[in-house]
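Only one structure is covered here, and it is reproduced in the block below.
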Amino acid sequence: MSLVSLRETAIPAKRDKHYSRIQFVTFRSFPNQTARNTKTFQGESEMKFLSSSRVLALVVFGCLLTGVGFAQDAHTTNEFRGVKVNGGTVTHSKQGDRNILTLSDDFKVPETPDPHWQVVDSKGNVYTLERLQAKNGKFNKSITLPPYIPNVTRVQIWCAFAETLLGEASFTSPVM
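Last residue of the sequence shown: 193 (the working numbering), numbering continuous.
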């Protein structure tokens with residue numbers, strides 16, 4: 018069954034006596050169908066899809082720009098190398114006016130009696146900081162640097178008991 022049927026009708030033209038043929042198009046509608054033209058409906062839905070796609074693209078682009086802005090404040094060292102510590106990195110980030118160093122998830126705590134965080138600035142000054150292991154059996158994965166440290170070029174894991182350097186990781190340039 019066709020949705021469209023053509024019907025020809027002859028009507029006299031006003032100026033001459035000849036008959037002109039005009040074609041009339043009739044649409045049959047079914048009970049579940051709307052009277053709306055299908056092509057128009059598809060065009061409207063495509064326009065809605067395109068406008069929503071543009072909005073989504075703008076949101077994603079904005080999120081990417083925001084992520085790039087946060088990533089500029091983060092610096093990561095090369096991997097630790099040393100006698101007891103091999104692997105893992107340190108990331109420097111800034112939260113407000115605080116400088117924070119954070120160990121990566123693949124860092125393994127050395128099995129030594131008294132490992133500590135230790136940082137070296139660009140002038141070669143060494144600052145021994147907190148113990149790496151906390152009292153509850155966990156370890157201090159991140160540390161807030163004190164304000165008297167001007168910058169950091171290297172992060173070291175230092176055994177205070179044996180007074181031995183266990184591993185060291187360097188930033189490409191001084192951070193802070």
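Idealized CB from N, CA, C, for every residue including glycine.
Remember, predicted model here, so these are calculated numbers, not experimental data.
| query | result |
| --- | --- |
| Using DSSP with H/G/I as helix, E/B as strand and the rest coil, what is Val136? | strand |
| Taking contact to mean 3 or more Cβ pairs, one atom from each stretch, closer than 8 angstroms, check whether the region 95-104 and the region 140-155 are in contact. | no |
| Could you work out which residue in Pro132, Arg115 and Leu118 is closest to Cys176 when comparing CA atoms only? | Pro132 |
| From this set, Leu182, Phe178, Val77 and Phe156, which residue's C-alpha is nearest Phe124's C-alpha? | Phe156 |
| Is the beta carbon of Thr119 less than 8 angstroms from the beta carbon of Lys158? | yes |
| By the DSSP assignment, the beta strand (DSSP E) with Thr170 in it spans what residues? | Val169 to Cys176 |
| What separation, rounded to the nearest whole angstrom, lies between the Cα atoms of Gly113 and Ile160? | 15 angstroms |
| Helix, strand or coil, according to DSSP, for Ser121 in the structure here? | coil |
| Grouping DSSP H, G and I as helix and E and B as strand, with all else coil, what is Val107? | strand |
| For the beta strand (DSSP E) that contains Ile160, what are its first and last residues? | Ser159 to Thr161 |
| In this structure, does DSSP put Val102 in helix, strand or coil? | coil |
| Hey, how far is the Cα of His109 from the Cα of Ser68? | 41 angstroms |
| Keeping to the same chain, check which residues put their C-beta closer than 7 angstroms to that of Ser187; ignore five residues upstream and five downstream. | Thr94, Asn95, Thr170 and Arg171 |
| Give the straight-line distance between the Cα atoms of Asn168 and Leu183, rounded to the nearest whole angstrom. | 22 angstroms |
| Apart from the five residues on each side of it in sequence, which residues of its chain come closer than 8 angstroms, Cβ to Cβ, to Asp90? | Ser110 and Lys111 |
| Beta carbon of Ile174, beta carbon of Pro127: below 8 angstroms? | yes |
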